[in-house]
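To start, the structure itself, in structure tokens.
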Amino acid sequence: MKLIKDKVAKLSFVALLMTVTAAMFYTPTASAHGEKSQAAFMRMRTIHWFDLNWSKEEVAVNDTMTISGKFHVFAGWPETVDKPEVSFLNIGIPGPVFIRAGSWIGGQLVPRSVTLELGETYEFKVLLKARRPGDWHVHTMMNVEGGGPIIGPGKWVTITGSMGSFVNPITTLTGETIDLENFNLGNIYFWHAFWYALGLAWLVYWARKPMFVPRSIAVESGKGDSLITATDKKVAMGFAAGTIAIVAFSMGSTNEQYPVTTPLQAGLMRGMKPIEMPATTVSVKVEDASYRVPGRAMQMTLTITNNGDSAIRLGEFNTAGVRFMDPAVAEDETNYPDDLLAEEGLTVSDNSPIAPGESRTVEVTASDAAWEVYRLADLIYDPDSRFAGLLFFFDEAGNRQMTMVDAPLIPTFI
Ligand SMILES: [Cu+2]
2 MKLIKDKVAK
12 LSFVALLMTV
22 TAAMFYTPTA
32 SAHGEKSQAA
42 FMRMRTIHWF
52 DLNWSKEEVA
62 VNDTMTISGK
72 FHVFAGWPET
82 VDKPEVSFLN
92 IGIPGPVFIR
102 AGSWIGGQLV
112 PRSVTLELGE
122 TYEFKVLLKA
132 RRPGDWHVHT
142 MMNVEGGGPI
152 IGPGKWVTIT
162 GSMGSFVNPI
172 TTLTGETIDL
182 ENFNLGNIYF
192 WHAFWYALGL
202 AWLVYWARKP
212 MFVPRSIAVE
222 SGKGDSLITA
232 TDKKVAMGFA
242 AGTIAIVAFS
252 MGSTNEQYPV
262 TTPLQAGLMR
272 GMKPIEMPAT
282 TVSVKVEDAS
292 YRVPGRAMQM
302 TLTITNNGDS
312 AIRLGEFNTA
322 GVRFMDPAVA
332 EDETNYPDDL
342 LAEEGLTVSD
352 NSPIAPGESR
362 TVEVTASDAA
372 WEVYRLADLI
382 YDPDSRFAGL
392 LFFFDEAGNR
402 QMTMVDAPLI
412 PTFI
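Going left to right, the sequence shown walks through residues 2 to 415 as our numbering numbers them.
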């Protein structure tokens, strides 16, 4: 009976070990990003991405592409999300399918985290080099400490070729050229295998002996000391001394081979240069805003005042990367992702030019399936149902002006 129990215990232990090991190697392919499950208020009231341009839709392995555009850091940043004091400009892709060869904010190289100011607009560019063939959804993204990854719009990009031909050569500060893609890979495999084998040897040594139940019985009956023999002690000391010796020796030889090393650079960059936005001459007051659930449409009553010297028209409402446009005023010329573009999604009750000095109250409707598809309508179930977005006005000469709206949103279910 005792023997069977012990066998069962051992088998369970081995099974557990195998399960844990298998879990470490199981990596299912993720096909979506979960961008739609990020809270709507996060996407609407934090970072507003606009004027985006993905330079290519198809790119060969080793070739580069850029994502450029602007982002506005919303002044009405939600209280529940930490301010973007430590933010990192990133790209939302499923794993290292591209490598980031460089990123810039306002022309400044930003390999580190930066401090962004609320209410400012910045220009950015990210240079990507294609690594793994496939169709990938490539998003802009801002990682904000205490706020999480704030995802921007995504566009499908196809990478062609074979990953085997990917190279990532860099010249080190000591003048050596190495390929980061496989630099010292053999060494990495060796040390992983080595420490795994050593750990396994340690486990096997102790698992050979009676385990769990017999040990428990021995300890309970006061014979715990008899479980560890003199040989066991010697073996344990051998393992300990051997491990320390291997670490010391390999560290010594590594230091000898690479005498100059610098730590990975981290730190915060302040003073990012925002875009000098022209003074806005349009002022917008949101009288009220409601979301009609059955119609998948948001309706705003806006009082627009034109303080400039050229007549203006409302051309676009942009929120969470979804662009609602009035085709009579503005059109997309950047090949913006279809699912985020409502080319005829914006209707204005009276969109005739608003003359200089004129003030007009209009009904603006932004309707598109994207409200539901991108789960922006979930906003109405928030305890603080506020929406926010960018309004783009165009004057007679085609100049564009950007204004922000930020107001409570009241749902209607009929
Ligand atoms: Cu995506």
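We treat Cβ as the ideally placed atom computed from N, Cα and C, and that holds for glycine.
Please read these numbers as outputs of a predicted model, since none were measured by experiment.
Could you give the DSSP three-state label for residue i: helix, strand or coil?
i: Ile-179; result: strand
i: Gly-103; result: strand
i: Tyr-206; result: helix
i: Thr-232; result: helix
i: Met-2; result: Because Met-2 sits at a pLDDT of 49, beneath the cut-off of 50, its placement in the model cannot be relied upon, and the following sentence gives the value as read from the coordinates. Note: Met-2 maps to coil in three-state DSSP.
i: Asn-169; result: coil
i: Phe-72; result: strand
i: Thr-282; result: coil
i: Tyr-123; result: strand
i: Phe-388; result: strand
i: Ala-198; result: helix
i: Met-273; result: coil
i: Ala-131; result: strand
i: Ser-114; result: strand
i: Gly-147; result: coil
i: Gly-153; result: strand
i: Ala-408; result: strand
i: Leu-380; result: helix
i: Glu-80; result: coil
i: Leu-303; result: strand
i: Leu-174; result: coil
i: Glu-288; result: strand
Can you name the residues that DSSP bridges to residue i?
i: Val-158; result: Trp-137
i: Gln-402; result: Phe-394
i: Phe-250; result: In DSSP, Phe-250 forms no bridge with anything.
i: Arg-293; result: Ala-298 and Thr-413
i: His-193; result: According to DSSP, which records beta bridges pairwise, His-193 is partnered with nothing at all.
i: Trp-50; result: Phe-72
i: Met-66; result: Leu-129
i: Met-142; result: Asn-91 and Ile-152
i: Val-261; result: The partner list for Val-261 (beta bridge, DSSP) is empty, contrary to what the question assumes.
i: Leu-342; result: Arg-324
Can you tell which of the options has its C-alpha closest to the C-alpha of residue i?
i: Arg-132; options: Val-287, Thr-65 and Phe-72; result: Thr-65
i: Gly-346; options: Pro-150, Arg-361, Ser-368 and Phe-250; result: Ser-368
i: Gly-162; options: Val-62, Glu-364, Leu-129 and Leu-128; result: Val-62
i: Asp-396; options: Ser-311, Trp-196, Met-142 and Asn-185; result: Ser-311
i: Glu-359; options: Gly-309, Ile-94, Asn-188 and Asp-340; result: Gly-309
i: Glu-59; options: Thr-178, Trp-137, Gly-147 and Ile-305; result: Trp-137
i: Thr-262; options: Met-405, Glu-177, Pro-211 and Ile-94; result: Glu-177
i: Ala-298; options: Ser-69, Phe-325 and Ala-40; result: Phe-325
i: Trp-372; options: Pro-264, Gly-399, Asn-400 and Ala-343; result: Ala-343
i: Val-374; options: Arg-387, Pro-85, Asp-385 and Asp-339; result: Asp-339
i: Ser-77; options: Phe-388, Phe-184, Gln-402 and Met-403; result: The displayed chain sequence assigns Gly, not Ser, to residue 77. Comparing Cα-Cα distances from Gly-77 to each of Phe-388, Phe-184, Gln-402 and Met-403, the minimum goes to Phe-388.
i: Leu-413; options: Leu-380, Thr-255 and Phe-393; result: In the sequence under discussion, the amino acid at residue 413 is Thr, which differs from the Leu named in the question. The residue with the shortest Cα to Cα distance from Thr-413 is Leu-380.
i: Met-164; options: Pro-134, Gly-149 and Pro-79; result: Pro-134
i: Tyr-337; options: Met-43, Lys-57 and Arg-314; result: Lys-57
i: Ser-114; options: Asn-144, Phe-213, Lys-126 and Pro-260; result: Asn-144
i: Gly-419; options: Leu-341, Ala-370, Leu-377 and Arg-376; result: With the chain running from 2 to 415 in the structure shown, residue 419 is simply not present.
i: Glu-182; options: Ile-100, Gly-390 and His-73; result: Ile-100
i: Gly-149; options: Arg-361, Glu-334, Gln-39 and Thr-116; result: Gln-39
i: Gln-258; options: Val-127, Leu-90 and Asn-185; result: Asn-185
i: Thr-232; options: Phe-393, Val-220, Trp-207 and Gln-266; result: Trp-207
i: His-140; options: Gly-93, Ile-151 and Thr-159; result: Gly-93
i: Asp-383; options: Gly-70, Thr-81 and Phe-75; result: Thr-81
i: Pro-357; options: Leu-392, Gly-322, Glu-334 and Ser-284; result: Ser-284
i: Val-294; options: Lys-235, Ala-378 and Ile-160; result: Ala-378
i: Thr-304; options: Thr-122, Thr-404, Tyr-190 and Ala-280; result: Thr-404
i: Phe-240; options: Pro-215, Val-205 and Ile-152; result: Val-205
i: Thr-306; options: Pro-215, Val-248 and Phe-394; result: Phe-394
Residue range of the alpha helix (DSSP H) that residue i falls in?
i: Val-349; result: Note, Val-349: premise wrong, no alpha helix (DSSP H); beta strand (DSSP E) at 347-349.
i: Ile-218; result: 213-221
i: Phe-42; result: 41-46
In terms of residues, what are the limits of the beta strand (DSSP E) holding residue i?
i: Phe-89; result: 88-93
i: Ala-432; result: Past the edges of the chain, shown from 2 to 415, lies residue 432, and the structure says nothing about it.
i: Gly-108; result: Premise fails: Gly-108 is in no beta strand (DSSP E) and is neither H nor E.
i: Ala-367; result: 360-368
i: Arg-314; result: 313-320
i: Met-326; result: 323-326
i: Ala-61; result: 59-61
Three or more C-beta pairs below 8 Å linking the stretch 401-415 and the stretch 285-300
yes
Is it the case that the stretch 347-355 contacts the stretch 365-384, given that we only count it when at least three CB pairs across the two stretches are under 8 Å?
yes
For the 8 Å Cβ check, are there 3 or more pairs between the stretch 97-113 and the stretch 40-55?
no
Within the chosen definition, does the stretch 169-182 reach the stretch 108-117 through at least 3 CB pairs nearer than 8 Å?
no
Segment contact, 8 Å Cβ cut-off, at least three pairs: the stretch 258-273 with the stretch 311-323:
no
Three Cβ pairs or more, each shorter than 8 Å: is that satisfied between the stretch 189-203 and the stretch 224-231?
no
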